[in-house]
Each structure stands twice: as structure tokens, then as C-alpha cells.
């Protein structure tokens, strides 16, 4: 349940204020060069959105790789890794333990498990994404060796630093949309039925905290177009290969990559933690008032870019490996 | 790869013009009453959109249940089922075998497998969804016994019979958006990390042919709202239980159901088969002209309603069963 | 739960006296030549042990392939198949429905599911193995194309026709041991941790009805040997490759094939259906006497040979495919 | 590939001389009391066989639980854990890096991955079992809360301290057989087809390093018995429940537990590391002589007892959880 992937699998663990976050990346091919310094820099991007409204915690997440890489190369064995948690002030959580924060997972978590770790949101904290970025960063290096690259950017609807600062001043928060492109993917990746490439990408992206929508290619706009308006006609390229003149399909047709850029957009809701008093209920349903505490991002989008790229990398590399098994 | 689900799994098979479509629904609990006549009627809904633009083929899909149900009750064993294919005029496919239809899966399928069954689209045909509807119809009956119901409707952007007929007259096609609601789901279903309930629903819906987008709750609109505008405040209901005053979250918080109605929207692209001549390329990349043949829907949305409901039923029942394992 | 395999998966269904047995073989590579007549002959071997004590039912199991193979080649899509059940005399089962046959699955099945199909043993019947033989027969043809072959034989302890006939005359039954060899397997197949090649083979063989033991290489005998007595020393073969001078390890070291013949032995218990009156209990625990009915094998070993080979083929081909993903 | 289990899954990582061994136990129910001191003592049993021939390394494996347990209770979230490696003298491995040790995994590992960590056997070292014992120890505590207990003992064929010491004096090694009993298992656990309870146990036990055989109940002996000799007749017990008068079936019938003690035997080959010079080949196939180094057990059986119990606990608890999903 804490595992994603078919051949390349990532299993993660960790509560926000427990000893460590971590994961196991299994199924990574053997003999792949991994640059651990570059990996650390990729992980550090989860902190670099500060100028655009991220919180000021100095929480450099030092990656400890515990297995699977030796002398700079993957061994084919699982890559275990951890990041220690340092910001664990457990005195903060008593109010949260007694009541349910709106738009958080406090209530649903208790409905499911009957128990919950209230310290910093426990495992429901977005801090769990650090393990995704580490694993995805490794997958990304493997993809880069194959000539496949991933880019992401905030495409709206509100993305200015000023706007984020204004919301923060009001104790309020903002959502947004990230567009992610995967370039250099060969045609033929993806499973045509339940494992359509875009279905796997959707599941991966929708599993990122705060995501409420996913589309690829022309997405929701396609619903209001006629077929003749979104037809990606085939062309023979100068090098003799076959491509499409347009890319309404977003690089995927019938669930399988067609060699064009894979394009998708992911919608994030505004962060649920406001810097205002909020009315809510305690565990008995009685009204209480929540008081803001701690430091929180007014907008997670800048921090979310490497997370989106990491999830894309995990899915694409997994499907690259699965593709190898389609012929004897 | 042709399997979906964790405890409740559906595995499907079948090419459009092969002997039969079918599937295996495994993990269905034992002792559940199944009404096979009601199941057949649910499956028949895949044909009932005719007045709204579906094609005129008379292809009643008679469900043959081969195992797993005895004397009207599930045995706990896998339910194997098939539907025979009857509309298999194999003389039709020679043109399609030589070239790639735009916005179809012909090219990508060959890129993946090096071989493809061109007859009626082979396994890439939307006909494969009949197996989903059968299995989902069984899951739906089990959910109904638990007081959980599923409704879906076409919510836009173009949904009038007149509009579909107009597009059809032009040899063109239309897409659209389906909204699906699941009512009566208890709080606590869904896996909070990679298996977030909405991530599973997204993967299930995105695996339906022609789907290009998925959102739940306020979806993409949330990206342009402030946190304070989409906050679902908790309230104590008259019966003492806890609910939310609004449902921007679409019944899911932190990836787990919160007891409110689950609400999601699924965007379909227009059908790629136009009733017009179309320019494309053959397998060598040389230009050819495709001539329309056969009868095809100008809009699949009316037929897609039971498919959407079936996929929702499979995901919800699977998570209902997983929930049972959260306590000793 | 009714699925085996990782990349190459087999999912089966069917009750002994229901409409049909069947299965779905998914993950088979595309473009593999399959000879359906040869497949039928392989499946027929489940009936050919008659001279050695098998029952006299004339139950030719005609294989209907419903998908995944076209013009003699695999498409890369799932191969669905069924075999109709014909020997369904439902008047036979009333006694069995009321009581539990010793050493059968009647009691445990009810303990698990609360319901059971008593007709011919339902899904607990060894008839379910027909689906394994069909799928394994396809896998075997794929392996043969790669130069990998599988042989099995009855190696004891009682294997004479006379002995089986004598037991049958007493209304009694016999067990036995089958040895299975896989030849031509390249070095490097198998997953070194939980998926050790012999662990996968053990699980596959132990899942065959009536199997009570599994060993590979020198097996249980190794437990009473000194290390120096079972050491497979490496040698350089004339062709320059590396092999071992002996094969105590049975072709697998550290869970991975080493290029030598894979050798394993599987122990079957005697058939539990005696042709004698037997004391047992009904569902309330009260004593009743079971009267023999129908025709049953006095020894299943002759029929079990293709089943063992089929299971071996499924495991080896699955691991052959997994191996492809070990490098980028 | 480094994961075992269906609902309760264990994923492990770690090379013998890397920074740490570890694992993630996912799917453990929420709210279970775990005694971490008792867990450490269980893990310490991997070292206590010293009087019976284990090596003298003082390698107390201090368990660090990183997540999933809070205030003495499971949270329902994955339990991540590590054990640091301390005995990492990397100068030792140069000879091993150049040649293949007989009956080890050096050659096959290279055939599979093209690369291998030679330090202390890398991931092929039996040291990886420490992660199994930690996870299994947690599962065992959960089972104990349910009244299910597990016992194991060395049953032969050579088990005396004197005999082990004699072999050690010759620089030789010994194998042996461990019998494992699971008591208090309710009837109804196990999946009747591919996931037969004994098939799962076989796979789990065969995945332990050095294991070459598995049997349950009367095992291989059943192959030479008549059906009438191994019939476990049903009896009504004084408390009104149904049991069997004998237990030739080893507590499992038709792949499902019947409420009797589960009994199985596991055969271990002699340790492959002899304290003698051994002839072998280098990576080019040329003859070389291996010189013994380090300290090694002459017999692993005493250390293997908690490993066997741990694997049994993981399988039984997993099936206990799966059983919950068999009814609506």
C-alpha cells in the first residue's frame, strides 16, 4: 500500500516527527552510474522555493544511501535510503491530537486506523514526499543516461511571488497548476489496458498531497472540441521516422507513448493550513477553535516541482523496463 | 498488465473480432447474492445510448458466467465470464492493417509489440470495456447490499441529441464530461500514500478509452481558489456523527473517504473515427488517404456511463475489503 | 489469489461441474509461434495415464483459445482460454454436501468461505489443473523456441502398473514422487532474495493438488552430508564457458540458475478418495459413513507429469522475462 | 523482487558490508502492542547458537525502528527499520572479487547482474536474514496477541554439539533439518489455488539461504504410503468443534488450515564456506586456489531457528488478514 510500480518499485516509510523518512527503490537495473552529489542537489530543490512563499525552515534533507549503490554504480539490489527528521518539537501537537483540522487527513486517518500520530501530521505530512524525490532522482539519472529528460513549471493560474506574499499576509494560501513534460521517450511505452501510460501517470501524480486534478495532452479542453479539431495527423519526418504534426494527444495514444513529448498538467488545491483561527470540532464533535502555529508554506507549488518530476521519472523508467519483456 | 485491483482483481482478455471478450473477477467475497438478470440489464446499458448518437449495431452482449456463482450466490472463487463476438467481418480490415489511423492506437501498438490485430481495432477497441461493465456490475451489486450506490451523468460541455446529430451529419465527433457520484461510502476507505482513493479512481477512469482528464471535488477550479474559499468545515450532525458543511474535497481527504459523497469528473476526447476521408501514412511513412467504413458513434458519452460506474464500483469495493485488514 | 507469476501471469477460474474451466495467460511476449494442435496434444497427456491406473472417464478437454493468438502468433495481449465441463451429473453430490470427506478440502473450504460448491469437489477438484496445463503448454512452446526443454518422470517410490492395480483392487490409493528436469536454462535466472528460483518453483509445485514435499538438487539428503561432500567445483569447459563438475546444487545457486540442468523432486500424497466405506462427520460433527461413488484414479502420478512440466514452464519463462529488466 | 507477502508485505535491503541492513514491514494492522525489548531479544537469537558451532563474531544487531510504531503501538503505517553493519573490513574481499567460490552465489550473481559487491558476499550474505527476523518478530508478537504461537527445533539428522565441533575441526561443515510448528491457527487460512498455505510457507522457507527442501505433514513419507494409511479421520471434540484424530496432513487440507497444528520440515545444506583450501576458477575460468579467511559457522542450524519462525509468522499473519476479506 506504500509501494508504487511494477518492475521498478518504490516503498516508503516515515512519520513527519519520527526518527526518519525513508524508502526502498527496488528493481533498478544493475550497472547504472549514479551521481550522489547531483542527487542531493535534486533533493534540495524541495527547499528552494523559499523566495516564492515556502516556509523558512532550514531542513536540509541529507540523503543517506544505505545499500544498492557501490563505487558509483547500481548493483541491481534494492537501494535503501533514509533522511533523518530533525524538526521534531513534540510539544506542538497536543491541540491537533484532540481535534480535526479542516481539509487535513486527521479525521479520515482516524476513521481508517482508529489511531493517528498527531506530531506534525504524522505520515500524512507532505514531508513523506522527500522519499519520492530521492527515489525519483535516481530514476531520473537512469533516464538521462537514455536521453530522456523531464521538465516542469508552474503554469498557473496564480504564480507570482507578489500574489503568494499577499495571500500569506492574509494568513491565506494558494493552489496552482504544474505542467510536466517528458522528452525523448521512445514510442511503445505503456500498457494498453488498465496500465495505460497516462493512467499510471495520473495515479502517480494524484498520489502527491494536495493534487485534485490531472490531464494530459489537451485534457479537459478536448471535451469541448470536435474530433476534426484535435486530430494529430501523421507525418514522415526528414529522418524517415513517423511522427505527428500536432500533439493534442500529449505524446500518448491508446495508452502507449508515440514518441512525441509527453505533456500533462496537475492541479493542486491551496494548502489547508491557514495562519488564522479556524472553527472545527474535537473528537466528540464539539466545536473548538484552532489556533495557527508553526511556519507553513502559503503555496506549495515551487516545492512541488521536483516531486512531480520524481513521480514522472519513476513511472517512465518502470515502463521502459516493462517494455523489454514484450518480446522473447 | 491486464489486471486491476489489489484484493478484488479484474483480469480481462479479448480482441474485438476474436472469438470472445471476457474476464476473471477474483477476490469477490463469498455468499453475496448476485442477480444475473439485473447484471445483463446493466451490461445492456452500454447499447442504450442509441437515441443520443450511438451506432446502430445490434450487438446484444449476452453474458455467460462460467464460474464463481452458484445458486445465485458467490462462492468466493473467481468469477470467469465471456461474451461472444458476433460482428466479425474480417474483410474490413485490410486498409487498416497497412496504415495508421490518426488518434488511434495503431502506430503505438506496433511500436510496442511489433505486431497488431487490425480487425476492428483488435484489443485496442473500446469493445474491451464490456468485460469491465460485467465485472463492475457484479461489484456494484455487492456495494448495493452495503447501502453504497453509484450515479453518473453527462455534465457537458455538449450533451444534446441535436448537437451530436449535427456533428454526425458533418462526419465529425464530440467529446464530453461525465460526473460520477458514489453515495453511502463509509469514512475510512483508501490508502493514504500511493493508493490514495482518488489516485486509484483516477487510474481506473484514465484507463477507459478516450479519457484525457480526471478531477475530484472542486478539481482544477481549486487551483485558482484561496485556501479559505475551499475549506470544508466540520460539523456535528443531528445523529451525533461528524460531517462537513461543504464538500469541496469531493468526499476524500488525505486520500481517504470522509463519509461525504465522492464526486469526480472525467473528460473524454472526441471519438477518433471520423466519417470523412482522412490523410495519414502507411507503415513506411508514405501518405495515404483513409476512407471511412463501418458505423461508429459520433459521441461515446451515453455508452460510457455504465463503464464509469463499473470502474468506480471495482475501486470502491476493493478498498472496502482492504479496510477490513487495517485492524487485527 | 488465483493468479501466479510476476511478468507472465496465469489467472484461472472454474468449478469442476460448472460450465467451464478456464484461464488468462497474460504477459506472454508478442510474435511467438504457437502450434495449437501440439498444445491440444500436450493437454491430452492429462488423460493418457490410463494404463497406469487413471480413471476411465473419456473427458477429452478441447481447448478453446479465445484471444491473444492470431494467425499462429501471439499478439502480446492476454490469452484467454476455456475448456467446457461435460461430466456434470449434479445428482451425485448430495451426500458430499452434507458431510466432510477426510483428507479433502470440504471442511477447510467451508471454514474459509462459509459456502462451498459440492458438485465434484467444486473448485477444489484437481480438474482445475487443466487450465495450468494449457497455459504451461503455451509457455513451454515459447521456451522450446529458446532451446529450453522440460522433462519429468515418476521416480518412486512405487511406480509399477501392477502395484497401482493391486491398490485399486483393495479400493486403496498410492502416492509417489516425480522428478522434473529443466535443460538449457541460461545462467542468471531467478531473484536472489524472496524470489529465489527454487522458492518460486517450490511454490508452483506445492500449489498442485496432493503435493506434500519439494526439494531441488540433492535436497533432503544434503542435510546429512558434510559441506565437502556436496561441493560443486567449477570447471572451465572446452568451449571456454564455466560450468560445474557435479550438480548437487540442482542447477541453482544463491537462488539463481547457474546453467546446469535444474533438477527437482515433488512428493505426492495418495489420492484421498478411497473406493471403500469411510467413517466421517456431517456438518454438525455427527458420525456418518461415506460410500464411494464415481470413478477415481488410484494414483494421480501419471496424469500429474504434464502438470508438473506446465508449472515449471510458467516459472522459468517468467524469470526469463524478468531477467531482461536487470540491465538498462 | 525483494518483497514478500500480499497484504502484510516485507521489503528488505542491504549488503553485508554496506552501511546497514534494513526493511519495511507494510500492512501491519493499527493499534497492535509491540514490545521493542522483546523484539530485540528475538533478534539476538540469531547470535545465540555459539555453543553449537556458530562463529564468534560479536555482532549484536541493534534494531532501530524508524517509523510505524508510536507509544508502543503500531500506527497502521509502514514500519521502517535498520541495523547498522559494523564488521566491514573491506580489505578482505579482493580474492573473492577475482574468483567464484563453489556453492556460493558469486558466479550466478554475476551472470544475472553483470556486477557484484564482493565484500562479505554483498547482498547474497546470510546477513540479509536479520531484516527477516526483525519483521517476523513483529508479526509474531501480533500473532501471539491472537493466541497463535510458533515453535521450531533442530530434528536432525546431525544435531549434537560434538558433531559440529568435529566437523569444524576438519574445516568442514554440516547441514540439518528444522521442524517448525504453528499452534492455535484457526481453520480457514490460506488461498486454495496458487496461494495454498503450504505453497506460501514453502516459498518463504525456500527463500532462506541454504534451504534445499520443504515438506509439511508426513511430507515425502506420504509418497510411499497408501491412502488408507494417512487418512486423518474427522472427530467431534468434547467442545463440539470438529477436529481430526491424526495429523498426517500437517494442519493444512486443500491448501487451507484445518485448525490442527501446522507442521513442516525444512532441509538445510551444509554451509558452503569451508576452512580448507579449495580449488576453483577465476572470472576467466582459469584454476585458482581459494584460501579460507574470516570466521564462519560450521553449522547454521542453531542460528536459523528464529529465521524459520520469522518467515512462518509473516506468512501466517498475512493469511490471517487476507481471510478477513473473504466475506462482505
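Chains as they are written, first to last, in the working numbering: chain A, -15 to 312; chain B, -15 to 312; chain C, -15 to 312; chain D, -15 to 312. The beta carbon of each residue, even a glycine, is placed where N, CA and C say it ideally should be. No experiment lies behind these values; they were computed from the predicted model shown.
Among the options, the one whose alpha carbon lies nearest that of residue i
i: residue 292 (chain D); options: D:0, D:120, D:216 and D:174; result: D:120
i: residue 104 (chain D); options: D:117, D:98, D:89 and D:65; result: D:89
i: residue 66 (chain A); options: D:235, D:50, D:294 and D:-6; result: D:50
i: residue 287 (chain A); options: A:111, A:47 and A:91; result: A:111
i: residue 223 (chain A); options: B:268, B:239 and B:221; result: B:268
i: residue 194 (chain D); options: C:196, C:192 and C:178; result: C:178
i: residue 234 (chain B); options: A:82, A:246, A:241 and A:196; result: A:196
i: residue 262 (chain C); options: D:95, D:285, D:216 and D:226; result: D:216
i: residue 231 (chain D); options: D:165, D:160, D:30 and D:92; result: D:165
i: residue 101 (chain D); options: A:69, A:53 and A:126; result: A:53
Buried or exposed (CB count within 10 angstroms, at least 16 for buried), residue i
i: residue 209 (chain B); result: buried
i: residue 62 (chain A); result: buried
i: residue 175 (chain D); result: buried
i: residue 278 (chain C); result: exposed
i: residue 256 (chain C); result: buried
i: residue 36 (chain D); result: At residue 36 (chain D), the pLDDT of 49 sits below 50, so the modelled position is not reliable and the matter cannot be decided from this model.
i: residue 275 (chain B); result: exposed
i: residue 17 (chain D); result: exposed
i: residue 0 (chain D); result: buried
i: residue 273 (chain B); result: exposed
Proximal chain A residues relative to residue i, where beta-carbon distance stays under 8 Å
i: residue 108 (chain B); result: 176 and 238
Assumed close pair residue i, residue j - CB separation to whole angstroms, cut-off 8 Å
i: residue 10 (chain A); j: residue 310 (chain D); result: Not a contact, Cβ separation roughly 30 Å.
i: residue 64 (chain D); j: residue -3 (chain A); result: 3 Å
i: residue 289 (chain B); j: residue 123 (chain B); result: Rounded, the Cβ-Cβ distance is 16 Å, inconsistent with contact.
i: residue 298 (chain C); j: residue 23 (chain C); result: 14 Å between Cβ atoms; not a contact.
i: residue 146 (chain B); j: residue 206 (chain A); result: Contact flag wrong, Cβ pair sits at about 21 Å.
i: residue 83 (chain B); j: residue 284 (chain B); result: Between residue 284 (chain B) and residue 83 (chain B) the Cβ distance is about 23 Å, and since that is not below 8 Å, they are no contact.
For residue i, three-class secondary structure by DSSP
i: residue 237 (chain B); result: strand
i: residue 86 (chain A); result: coil
i: residue 181 (chain C); result: helix
i: residue 51 (chain C); result: coil
i: residue 20 (chain B); result: helix
i: residue 36 (chain B); result: With a pLDDT of 49 at residue 36 (chain B), under the threshold of 50, the modelled position of this residue cannot be trusted; read the value that follows with caution. Helix.
i: residue 272 (chain D); result: strand
i: residue 263 (chain C); result: strand
i: residue 244 (chain B); result: coil
i: residue 232 (chain B); result: coil
i: residue 1 (chain B); result: coil
i: residue 226 (chain A); result: strand
i: residue 159 (chain C); result: coil
Under 9 Å from the C-beta of residue i: neighbouring residues of chain B
i: residue 14 (chain D); result: 310, 311 and 312
i: residue 130 (chain D); result: 312
i: residue -15 (chain C); result: -9, -7, 10, 11 and 62
Listed by chain order, chain D residues near residue i by CB distance under 7 Å
i: residue 190 (chain C); result: 180, 182, 183 and 186
i: residue 26 (chain A); result: By Cβ distance, chain D contributes nothing, its closest Cβ being about 21 Å from residue 26 (chain A), past 7 Å.
i: residue 348 (chain C); result: This structure does not reach residue 348 (chain C), given that chain C is present from -15 up to 312, and the question cannot be answered.
i: residue 92 (chain A); result: Chain D residues near residue 92 (chain A): none, gap ~12 Å exceeds 7 Å.
Residues that residue i contacts on chain A, provided the C-beta gap is smaller than 7 Å
i: residue 120 (chain C); result: Neighbours of residue 120 (chain C) on chain A: none; closest Cβ ~16 Å, over 7 Å.
Within chain A, the residues that residue i reaches when beta carbons sit closer than 9 Å
i: residue 98 (chain D); result: 14, 15 and 60
Chain C residues whose Cβ lies nearer than 8 Å to that of residue i
i: residue 11 (chain A); result: 309
Under 9 Å by beta carbon: chain C residues contacting residue i
i: residue 66 (chain B); result: 4, 6, 50, 64 and 66
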